[in-house]
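Scroll down for the structure; my scribbles are underneath it.
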Amino acid sequence: MTRPLTWLLFLLSAGIVSCTEEATAPGRCPNFCPGGTTDIKDTIFTDVIQRDSSYRGYLPPYAAEAMAAADLPNMDSRALVVLPHNMITTVHTSSTDTTSVPIVVDSSRFRLTILRRDTSATNLKLRVYRLPITTDSNSTFASLDPDFTAAPIDTVNVSQLLARPPIVDTAKADSANRRIFGDTTRTDSAGHILTVADSGRTLTLYFHFDTLQAPFVAADSGQLAFGFRVAADSFASASLGSTESAHSPLMQWFFHHTIHDTTGVKPDSNVYDNRLRTPLFDSFVFNPPTAPLDSNLAVGGAPSARSLVRVKLPKFLHDSLDVVRATAIFVPVAPVVGAPSDSFSILVRPILTDLGGKSPLSSAFSATRTIHIGTADTVTIELTDLVRAWAQDTTAQTAFFLAHVPEAASFTEIRFYSSRAPGFRPALHITYVKRFPFGTP
């Protein structure tokens, strides 16, 4: 009995020793957990951006989605609209009678949409002027200045209209828009009508013109041209909808024609009708004009300018490295000109192949950066996903465009120092880490 008891005690003691856990001791697995730590590098590459350049003429102001109107200490911008010469001048009295009679225009109504405005501006006014019907893309601020400095044919105080109590539109009394936003139509004694949409962000104005304000000239087939200026107690700035947007200006002619009774039994009768006409041309002119391109990188303006930024990515970023974050750094030459309440948005798009200013854009990546007006702070743009893609694909074109959005819809422009300015050249700030060498089983 002694020998079995001895073996039992030996096994119990061995089990106790083998089950002892060292909770505070580090793990020992040299085959699966190699030594070392994660090494994170944070580097600003000041010489990787090379051969950067600017190009102008991508989009003219008459093809933009908005017209800029502003009255600022350092900028004066004015919008203009030219109606087509395709308004009818005669009508047939019936479908069986080939005799045509002239129309008599009674009045007209013009619709204009304010897409953006300074909501803090007081006494915001919109003035309407008659312009020559020959106004086109060759017209300049100087050539139209005499017409814009003449007496306006109409003036509406937008701030006062907004302060008036809304009226109930019985035709839309049960509409979803009214249930959500409430009564949004306002009018004044001069016949101006204002409707509010998007919780007050978009304003639609209707001007009622008589035949003196908007005369119908049959020889011109009803062609007219209008100019628009803004004014306010402080900085006045607004964006007006153009034909390239969903809020195009619109002219509505109201007219009648007389049907003469040839039998002598019935009196002559008047038939009333109306026609809608969208503009033939719209644009805006401003002073001072956009400065010509120089050695700096220009973005924005009208006609619009874009800057092509080429990046020479270091070769070691392709070798077993992971990009944690990448940021492009640009130093403005001067603050962006505009109203203090405005902003300037930059769009970044990579290119598919390098053809200079005509390089096709890629839709695989985009980034935006909003800049405040009047500030000259350094601009940083997040490019992490783009630089990661470049690091993984050595065949990709490592270049991107800087553009303004919406393009050519404003006179605002920003200029950055290029790679030709040693002290302020663009840079690329990259945080990267070497891939951890995990063991193999």
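Residue numbers for the sequence shown follow our numbering, so the first one is 1 and each next one is one higher.
Heads up, the beta-carbon is just placed ideally off N, CA and C, and yes, glycines get one too.
Legend entry - Pick from K41, T43, D47 and T38 that is closest to A421, judged by C-alpha positions: D47
Legend entry - Buried/exposed call for N270, threshold 16 Cβ in 10 Å: exposed
Inset, instruction - Spell out a yes or no on whether the stretch 117 to 130 and the stretch 305 to 324 are touching, meaning 3 or more CB-CB pairs, one atom from each, closer than 8 angstroms. - result: no
Inset, instruction - Look up D76 in the DSSP assignment and say whether it is helix, strand or coil. - result: strand
Legend entry - Simplified DSSP assignment, three categories, for A63: helix
Legend entry - CB of V323 within 8 angstroms of CB of R388, strictly: yes
Inset, instruction - State the start and end residues of the unbroken beta strand (DSSP E) segment that holds T43. - result: I40 to F45
Legend entry - Length of the line joining the Cα atoms of D294 and D233: 36 angstroms
Legend entry - Buried or exposed by the 16-neighbour rule on C-beta atoms within 10 Å, applied to R186: buried
Inset, instruction - Please list, in chain order, all residues of the same chain as P61 whose beta carbon is under 6 angstroms from its beta carbon, the five residues on each side excluded. - result: S283, F284, A302 and A408
Inset, instruction - Output the distance between the C-alpha atoms of L126 and F255, rounded to the nearest integer angstrom. - result: 27 angstroms
Inset, instruction - Jot down the residue ranges of each uninterrupted beta strand (DSSP E) in the stretch 366 to 415, minimum 3 residues, whole runs only, in chain order. - result: 367 to 372, 379 to 382 and 399 to 405
Legend entry - First through last residue of the beta strand (DSSP E) which encompasses P146: It is not in any beta strand (DSSP E) - P146 instead sits in the alpha helix (DSSP H) that spans F141 to F148.
Inset, instruction - Return yes when the Cβ of A376 is within less than 8 angstroms of the Cβ of A334, no when it is not. - result: yes
Legend entry - Extent of the continuous beta strand (DSSP E) to which V158 belongs: That residue, V158, is in no beta strand (DSSP E); its alpha helix (DSSP H) goes V158 to A163.
Inset, instruction - Over the uninterrupted beta strand (DSSP E) stretch that includes K434, give me the two end residues. - result: A427 to K434
Inset, instruction - Return the chain-ordered list of same chain residues with a C-beta closer than 6 angstroms to the C-beta of T431, the five sequence neighbours on each side being excluded. - result: D42, V324 and R325
Legend entry - F181 in three-state terms, based on DSSP: Here the model assigns F181 a pLDDT of 45, short of 50, so the residue's position is not dependable, and the following value carries that caveat. DSSP places F181 in helix when its eight states are reduced to three.
Legend entry - Reference G227, options L386, D354, P146 and P292, closest by Cα: P146
Legend entry - Neighbourhood of F207 by C-beta distance below 6 angstroms, restricted to the same chain and skipping five residues each side: F110 and D154
Inset, instruction - Using a Cβ cut-off of 8 angstroms (strictly closer), state whether V82 contacts chain B. - result: Of the protein chains in the structure, only one exists, and it is not chain B.
Legend entry - Whole-number beta carbon distance between I346 and T368, since they are thought to touch under 8 angstroms: 7 angstroms
Legend entry - Residue span of the beta strand (DSSP E) that contains P350, given as start and end: S343 to P350
Inset, instruction - For V230, collect the residues of the same chain with a Cβ closer than 8 angstroms to its Cβ; drop the 5 residues on either side in sequence, then sort them by chain order. - result: A69, A70, D71, L124, K125, L126, R127, A236, S237 and A238
Inset, instruction - Have a look at V299 and A403 and give me their C-alpha separation to the nearest angstrom. - result: 6 angstroms
Inset, instruction - Count the other C-beta atoms from every protein chain shown that fall within 10 angstroms of the C-beta of I44, then say buried if there are 16 or more, exposed otherwise. - result: exposed
Legend entry - Reduced DSSP category for G222 - H, G, I as helix; E, B as strand; rest coil: coil
Inset, instruction - Would you kindly check if the distance between the Cβ of F286 and the Cβ of M75 is under 8 angstroms? - result: yes
Legend entry - P426 versus E244 - alpha carbon distance: 35 angstroms
Legend entry - Nearest residue (CA-CA) to T394, options T135, V348, L276 and L313: L313
Legend entry - For K358, three-class secondary structure by DSSP: helix
Inset, instruction - Identify whether G423 lies in helix, strand or coil by the three-state DSSP scheme. - result: coil
Inset, instruction - Determine, using beta carbons only, whether T278 and S248 come nearer to each other than 8 angstroms. - result: yes
Inset, instruction - Return the Cβ separation of H85 and D210 in integer angstroms, given the expectation that the two are a contact with Cβ distance under 8 angstroms. - result: Contact flag wrong, Cβ pair sits at about 21 angstroms.
Legend entry - 8 angstroms Cβ cutoff met for V101 and T90: yes
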